[in-house]
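Taking it in order: structure first as structure tokens, then the write-up.
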Amino acid sequence: MYSRWRTFSRSPRRKRNNEPGRRLRSVDWNSFTLTKFEKKFYRECSSVRDRSRRDIEEFRTKENVTVLGHNVPRPLFKFNEAGFPSYILGVIKKNRWEAPTSIQSQGWPVALSGRDLVGIAQTGSGKTASFLLPALVHAKAQPSLKRGDGPIVLVLVPTRELAQQVEKVAEEFCSCSGFRSASLYGGASRGGQLDQLRRSPEVVIATPGRLLDFLESKDTNLRRCTYLVLDEADRMLDMGFEPSIRKIISQVRPDRQTLMWSATWPREVKALAEDFLYDYIQINIGSTKLSANHNIRQHVEILRESDKFPRLVSLLRSFGSARVLIFAETKRRTDDICNKLRDKDFNASAMHGDKHQRERDRVLDQFRSGRISILVATDVASRGLGRETVSSRKPLVATPYSVEPRKFRNWLLCGPFGRYCKLPAVFGDS
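In case it helps, my numbering puts the sequence shown at residues 475 to 904.
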């Protein structure tokens, strides 16, 4: 891949310190001759090329899409206009996707053109497919990986729940593409994830801390990475990952293609984009500020503590067969509500940070499949619930229980659920 590369002797892993990646040295890319790689794949079809400016403006106005940058490609309205190979279109057809979402319509032409991209869109907008499908097209055009090579595609995410969610989509499309994927995050077996890396996956989805761990131990590298995605960048910065992100990006060749996704556009995220993206196109879906989803009708009930549980039971009986997600502020309260509901013969389970990852995965899978009708959880559950969790056949009801409004901002926004859920009641003390 490169004309020369430093070689390192494998040393035993030392005890971790509090700063991830402390022993990881930045790469002096100026000292390397980088092999050129292909990243421009988009060929505008005639139906897109003949689309009038008026049609494009009507689409952007209707879908609340704004674009910034020069030479922005026209949006596409149908899957076959993207130029995806048949194996990707086959998965799209199998999943019965009706039409590209707004971010996909405008984002796919940009990503497939090899341009750097900033996408400002809420969770549930279809952004995962917006960066994953072009990623597979990109990876397919690169030389095959050899033993010891790192991934071609790297997706950085803030949490293990989001890593699992992205991995689920990646697995389906990777299998049809002849690729392997790996998901790296804390709270799970390092050995199992190391086995994934040893199979030389083309696509890696990772949280910053766990990835730095593998980079420091020389179990993987980013020498072959030419397609980099930062998903939920604003959230990663909120969680204090900026130093880790900068260390990771220092390991990736500077002429890579970079896509950054965020729900908001604060100055910290903008500064990160200015540092690591080149001549990027920015796509905004709706406002760049976090706002409530107006498709959700919210009802707030102020109750005495002694009245909350009887009211909750009454609501649950009125919901019938719908699945219900109940948020509680603390782990102890979560278990307490769950046990009381079981005493009332409700099919309920609890999920929070004290549960082992395997148990949390099992409970979440049971809730998704409908084997559990009520899930009582702290906010950790909202990070693992994707669009596939809810459907018209199995409606979802979300009910925050005894939490302060400032602490469940994301629940009120219904970010993970969008138009797919109802928020019938929020129980508060004041």
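All C-beta atoms, glycine included, are put in the ideal place defined by N, C-alpha and C. Predicted model only: the values in this text are computed from it and were never measured.
Would DSSP call residue i helix, strand or coil?
i: T575; result: coil
i: I800; result: strand
i: L668; result: helix
i: N758; result: strand
i: D751; result: Position check: residue 751 holds Leu in this sequence, whereas Asp was assumed. Coil at L751, not helix or strand.
i: S520; result: helix
i: T738; result: coil
i: L909; result: Nothing can be reported for residue 909: it is not among the residues displayed for the chain, which extend from 475 to 904.
i: G827; result: coil
i: V837; result: helix
i: G593; result: strand
i: E493; result: coil
i: E706; result: coil
i: N695; result: coil
i: P617; result: coil
i: V587; result: It is Ser, not Val, that sits at residue 587 in the sequence shown. If DSSP states are grouped into helix, strand and coil, S587 belongs with coil.
i: V611; result: helix
i: Q725; result: coil
i: A745; result: helix
i: G581; result: helix
i: L686; result: helix
i: S780; result: helix
i: A914; result: Summary: the structure shown does not reach residue 914, with the chain confined to residues 475 through 904, and so no result is reported for it.
i: F715; result: coil
i: D817; result: helix
i: R842; result: helix
i: L498; result: coil
i: D810; result: helix
Have a look at the DSSP bridge pairing and note the partners of residue i.
i: S604; result: Paired residues: none, contrary to the question.
i: A822; result: I848
i: A679; result: Residue identity differs from the one stated: residue 679 is Ile in this sequence, not Ala. Per DSSP, V629 and S657.
i: Q731; result: Y701
i: R566; result: Just to set this straight, residue 566 is Ile in the shown sequence, not Arg. Looking at the DSSP assignment, I566 forms no beta bridge with any residue, so it has no partner.
Do you know how far the Cα of residue j is from the Cα of residue i?
i: K829; j: F688; result: 25 Å
i: Q831; j: D529; result: 48 Å
i: S663; j: E537; result: 43 Å
i: K514; j: Y752; result: 15 Å
i: L838; j: V640; result: 15 Å
i: F820; j: R806; result: 19 Å
i: V546; j: Q840; result: 44 Å
i: R570; j: T602; result: 17 Å
i: Q638; j: P632; result: 11 Å
i: D749; j: M734; result: 12 Å
i: F801; j: T852; result: 6 Å
i: Y844; j: I679; result: The sequence as given places Gly at residue 844; Tyr does not occur at that position. If I take the Cα positions, the gap works out to 27 Å.
i: R654; j: L671; result: 10 Å
i: T535; j: R548; result: 14 Å
i: S691; j: K510; result: 28 Å
i: L786; j: R842; result: 22 Å
i: Y561; j: S651; result: 7 Å
i: L610; j: L619; result: 14 Å
i: A613; j: E646; result: 15 Å
i: K881; j: Q616; result: Residue confidence for K881 is low, a pLDDT of 46 falling below 50, so the modelled location carries little weight; the figure read from the coordinates is stated next. Their backbone Cα atoms lie some 45 Å apart in a straight line.
i: E676; j: A644; result: 11 Å
i: G557; j: F783; result: 54 Å
i: S776; j: E716; result: Strictly speaking, residue 776 in this sequence is Ile, with Ser absent from that position. Their backbone Cα atoms lie some 39 Å apart in a straight line.
i: S823; j: D835; result: 12 Å
i: R621; j: T694; result: 11 Å
i: Q580; j: R791; result: 44 Å
i: V565; j: A747; result: 32 Å
i: I626; j: I811; result: 46 Å
i: K642; j: K818; result: 35 Å
i: G661; j: Q667; result: 11 Å
i: K567; j: G598; result: 19 Å
Report back the beta-carbon spacing between residue i and residue j to the nearest angstrom; my notes put them in contact at under 8 Å.
i: Y754; j: V592; result: 5 Å
i: W582; j: P559; result: The pair is not a contact, with the Cβ atoms about 13 Å apart (cut-off 8 Å).
i: T808; j: V850; result: 5 Å
i: A706; j: A737; result: One detail in the question is off: residue 706 reads as Glu in this sequence, not Ala. Indeed they touch by this definition, with Cβ atoms about 7 Å apart.
i: L815; j: I846; result: That belief does not hold up - the Cβ atoms of L815 and I846 are roughly 11 Å apart, past 8 Å.
i: G760; j: Q596; result: 7 Å
i: G495; j: S718; result: 6 Å
i: L686; j: I723; result: In fact, because the Cβ distance is near 12 Å, the residues do not count as touching under 8 Å.
i: R684; j: Y659; result: 5 Å
i: S576; j: V522; result: Contact flag wrong, Cβ pair sits at about 16 Å.
i: F605; j: A585; result: 7 Å
i: V703; j: L630; result: 7 Å
i: L628; j: C519; result: Actually they are not in contact, since the Cβ atoms of L628 and C519 sit about 30 Å apart, beyond 8 Å.
Report the start-end ranges of each beta strand (DSSP E) in the region 502-559 that is 3 residues or longer and not cut off at the edges.
Those beta strand (DSSP E) runs which fall completely within the region 502-559 and span 3+ residues are 539-542.
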